[in-house]
Amino acid sequence: MNRSTIKIRLMKADDFGAVVGIDEKVLKIPRPGYYEVKFEKLLRSKDYLPVSLVAEDEAGTVVGFIMGELYIGEYGISQEEATLDTIGVDPSCRHKGIGEQLINEFVDHLRNVGVRKINTLVAWNDSKLIHFFSANHFSPSKTINLERNI
Ligand SMILES: CC(C)(COP(=O)(O)OP(=O)(O)OC[C@H]1O[C@@H](n2cnc3c(N)ncnc32)[C@H](O)[C@@H]1OP(=O)(O)O)[C@@H](O)C(=O)NCCC(=O)NCCS
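This is how it looks when you write it as structure tokens:
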């Protein structure tokens, strides 16, 4: 497998199992409920533009995905900021540029519909993921998340 044999395409309902499978390999726990909600929103909500993509190898196997949200709202006006919720590449297919290809296509899609900024959240101590996003031109925002346990 090399970069040129990877195809990036829009995510569809049939990709559910592959996405949950990659996520489970990454996090070591299955999260089908989390993805059921996300797929429902992605495929049925009129308020969100579908900006979720998958990477397929030459055999048509899904080896990575990226999911985000662009809220359009009731008047169909797209916003200038979108969210990147989750990205995952099958551990056996990493370091081949698939993550970068997913980010680049994701950014191109959003730029074409008028988005000017993409937000994402990363655990502060996930240095590998922070390094990956930094290499893909993400930088710390000027706001910080606050929380309080109750
Ligand atoms: C972060 C993640 C998406 C990166 O995917 P990837 O396909 O390995 O990404 P890339 O190949 O574009 O880049 C990774 C590294 O490989 C390097 N690389 C890319 N192409 C390469 C090639 N042909 N040869 C050698 N190295 C290469 C990149 O330079 C990069 O190196 P760096 O880490 O030193 O910057 C992947 O590691 C992942 O899924 N991590 C878990 C994310 C997570 O926790 N998600 C939440 C739940 S799904």
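Take the sequence shown: its position 51, counting from 1, is numbered 105 in the working numbering, and each next residue is one higher. Idealized CB from N, CA, C, for every residue including glycine. What you are looking at is a predicted structure, and each value in this text was computed from that prediction instead of being measured.
Pick helix, strand or coil for residue i, following the three-state DSSP scheme.
i	result
residue 135	strand
residue 166	helix
residue 109	strand
residue 119	strand
residue 104	strand
residue 129	coil
residue 204	coil
residue 71	helix
residue 43	Look at the range of the chain in this structure, 55 to 204, and you will see that residue 43 is not part of it.
Quick one, are the C-beta atoms of residue i and residue j less than 7 Å apart?
i	j	result
residue 136	residue 164	yes
residue 92	residue 102	no
residue 90	residue 84	no
residue 200	residue 172	no
Using the Cα positions of residue i and residue j, report the straight-line distance between them to the nearest angstrom.
i	j	result
residue 59	residue 125	32 Å
residue 72	residue 100	24 Å
residue 142	residue 198	24 Å
residue 97	residue 192	27 Å
residue 76	residue 195	28 Å
residue 186	residue 177	13 Å
residue 134	residue 81	31 Å
residue 62	residue 184	23 Å
residue 145	residue 167	32 Å
residue 169	residue 104	13 Å
residue 182	residue 129	40 Å
residue 87	residue 64	21 Å
residue 151	residue 190	11 Å
residue 70	residue 179	29 Å
residue 67	residue 113	19 Å
residue 160	residue 203	34 Å
Can you tell me whether residue i is buried or exposed? The criterion is at least 16 other CB atoms within 10 Å of its CB, across all chains shown.
i	result
residue 109	buried
residue 115	exposed
residue 263	It is not possible to answer for residue 263, since the shown part of the chain is limited to 55 through 204.
residue 106	buried
Q) Within the chosen definition, does the segment 108-126 reach the segment 152-171 through at least 3 CB pairs nearer than 8 Å? A) yes
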